[in-house]
Amino acid sequence: MWKLIGICATLYGLILLDITINAQIDGYEEGVDYPAYDSIPKDLSFSCQNRIPGYYADIEARCQVWHWCVNGGQHYAFLCPNGTVFNQAFRVCDWWTSVDCPASEQLYTNNEELYRDSAGNLI
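Heads up: the sequence shown is residues -23 to -1, 1 to 100, going by mature numbering (1 follows the signal peptide of the UniProt record, and there is no 0).
Next comes the structure, spelled out in structure tokens:
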């Protein structure tokens, strides 16, 4: 009897864990596969125009893509490995469980620290 109760409790715990993990995935829909890109989507609208040089998460691609903006508005797009997304706070690909992708745009200004001289002036 106690073994049966233990098995049921374990299964219930695993179901709750699965629900909790799925709720953490930005854009997750029950029964619909979450995209894991094997190439950079061609239809992304991200632009480096009017942005300072730096590294930017692509929220439209659910942060699986990030952009390196350089002077003159040029940019290069990169894909994070499967299971990871771009962490704008640290400017690296990180486990998806560690990243709040929709909040990335609020952290775009952290690129300013990349281009400051020792006096704190933008260069």
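Backbone N, C-alpha and C define an ideal beta-carbon position, used for all residues, glycine too.
Put simply, of His52, Gln65, Ser24 the residue whose alpha carbon is nearest the alpha carbon of Gln41 is Gln65.
Assigned with DSSP and collapsed to three states, Gly97 falls in coil, not helix or strand.
Distances from the CA of Pro58 to each of His52, Trp72, Cys46, Trp45 were compared; the closest alpha carbon is that of Trp72. Taking all protein chains shown into account, Asp35 has 16 or more neighbouring C-beta atoms within 10 Å of its C-beta and is therefore buried.
Bounds of the beta strand (DSSP E) holding Trp72 are 69 to 72. Take the alpha-carbon of Ile100 and the one of Gly49: they are about 14 Å apart.
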